[in-house]
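Just below is one structure, and these are the notes that go with it.
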Amino acid sequence: MKLCRVAHESLSEPRYAILTEHTVELLAADERGLTQISVHPRSSAAHFDLAEVKMLAPVAPSKIVCVGRNYREHAAELGNKMPDEPLLFLKAPSAVIASGDEIELPAASQQVEHEGELGVVIGRLAHKITDDPLSYVFGYTCVNDVTARDLQRKDVQFTRGKSFDTFCPVGPWIETDIDPTCVTVQTRLNGEVKQKGNTADMAFSVAFLIRYISEIMTLYPGDLIATGTPAGVSRMKHGDTVEVEVTGIGILRNSIGVLL
55 MKLCRVAHES
65 LSEPRYAILT
75 EHTVELLAAD
85 ERGLTQISVH
95 PRSSAAHFDL
105 AEVKMLAPVA
115 PSKIVCVGRN
125 YREHAAELGN
135 KMPDEPLLFL
145 KAPSAVIASG
155 DEIELPAASQ
165 QVEHEGELGV
175 VIGRLAHKIT
185 DDPLSYVFGY
195 TCVNDVTARD
205 LQRKDVQFTR
215 GKSFDTFCPV
225 GPWIETDIDP
235 TCVTVQTRLN
245 GEVKQKGNTA
255 DMAFSVAFLI
265 RYISEIMTLY
275 PGDLIATGTP
285 AGVSRMKHGD
295 TVEVEVTGIG
305 ILRNSIGVLL
């Protein structure tokens, strides 16, 4: 099932909806946020054509936990060795934008790159979990962990280079029914394939990451885990279009602009 988050002139606030081929079906009024959505969401009587609504980022996370160097070839292309444990960093939630929004290139960087990733959306509170980690997942989405590579290298740590406004496109929706152990992650720049990998090649699986992160910090419903990027990262410039596609989910598409 595909769940999206939409805005419409008739709605007082964004609402979650079930996405069909040409329409969105708003969820029942008591299922407005991820904490209220049941295992089998109930639709309301309200339907809109896709053309009538604005698709928003499907999550508004309290935190974005990212995993660095989770694909061996990506670590190698940047001249880094593989870590013995997951390399975690945080990305500012204010960086989140939706599919179709514009990624803004900051004047402070001359090397802004794409990083297409599988995103994991947490569905219930996870704290030092001992049972099945995947049972804490609400669904999956596409993420572009946009990175100012020159600033990342300059600063050594990742916060500034990863957290400019617009540096975390997410979407276009949440898919609840995929197997995260074997899906293809592909990034295209102006139609040319730049990255292509499979989650089967990740050093640390989605299940391992959820359990590991929950030992460090409590994960709340709506929190987002970006699971790492395959090899092939490259620079984006003004006027480009970048697409991140994950098998079984869809295509996250954004144009590249300049921060004025």
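Each position in the sequence shown, counted from 1, maps to that position plus 54 in the working numbering. Cβ atoms here follow ideal geometry from the backbone N, Cα and C, with glycine treated the same way.
Asked                                                                                                                                                                 : Found
In terms of residues, what are the limits of the alpha helix (DSSP H) holding VAL197?                                                                                 : Taken as a continuous stretch (DSSP letters only), VAL197 belongs to no alpha helix (DSSP H), being part of the beta strand (DSSP E) at 191–198.
If contacts are defined as beta-carbon pairs under 8 Å, then PRO226 and SER153 qualify, I think. What distance do you get, rounded to the angstrom?                   : 4 Å
Across the region 152–166 and the region 196–216, are there enough close Cβ pairs to call them in contact, namely three or more that are closer than 8 Å?             : yes
DSSP puts SER309 in a beta bridge; with which residues?                                                                                                               : GLU156, THR295
Report the residue from THR230, VAL239, LEU65 whose alpha carbon sits nearest the alpha carbon of VAL107.                                                             : LEU65
List the residues that DSSP assigns as beta-bridge partners of GLU167.                                                                                                : THR201, ARG289
Ignore the nearest five residues each way along the sequence and tell me which others in CYS196's own chain have a CB closer than 6 Å to its CB.                      : VAL298, VAL300, ILE303, LEU306
Which residues bound the alpha helix (DSSP H) around VAL260?                                                                                                          : 260–268
Out of ASN124, MET271, PRO137, PHE102, which has the shortest C-alpha to C-alpha gap to ALA254?                                                                       : ASN124
Does the distance from the C-beta atom of LEU57 to that of PRO147 stay below 8 Å?                                                                                     : no
Confirm, please, whether the CB-CB distance from GLY173 to LEU278 is below 8 Å.                                                                                       : yes
For ALA257 and GLU63, I'd like the C-alpha separation in whole angstroms.                                                                                             : 45 Å
Using C-beta distances below 7 Å, list every residue in its chain close to THR283, excluding the 5 sequence neighbours before and after it, in chain order.           : TYR125, HIS128, GLU169, GLY170, GLU171, ASP199, GLN249
If you follow the beta strand (DSSP E) that ARG59 is part of, which residue opens it and which one closes it?                                                         : 56–61
At the level of alpha carbons, what is the spacing between MET55 and GLU158?                                                                                          : 31 Å
From TYR266 to LEU273, what distance separates their C-alpha atoms?                                                                                                   : 11 Å
For ARG144 versus VAL119, is the C-beta spacing smaller than 8 Å?                                                                                                     : Checking the sequence shown, residue 144 turns out to be Leu, not Arg. Contact flag set, yes.
Kindly indicate which residue of PRO115, GLU75, THR238 has the alpha-carbon position closest to the one of HIS101.                                                    : GLU75
Of the residues VAL60, VAL312, SER309, VAL150, which one's Cα is nearest the Cα of VAL224?                                                                            : VAL150
With a threshold of 7 Å on Cβ separation, who are the neighbours of SER268 within its own chain once the five nearest residues in sequence on each side are excluded? : ALA180, HIS181, LYS182, ILE183
Would you mind working out which of GLY87, VAL260, ALA114, GLY245 sits nearest ASP186, comparing C-alpha positions?                                                   : VAL260
Determine the closest residue to SER116 out of LEU104, LEU88, GLY133, PHE218, with distance taken between C-alpha atoms.                                              : LEU88
Can you look up LEU88 in the DSSP assignment and give me helix, strand or coil?                                                                                       : coil
Going by CA-CA distance only, name the one from GLU156, VAL78, THR281 that's closest to VAL237.                                                                       : THR281
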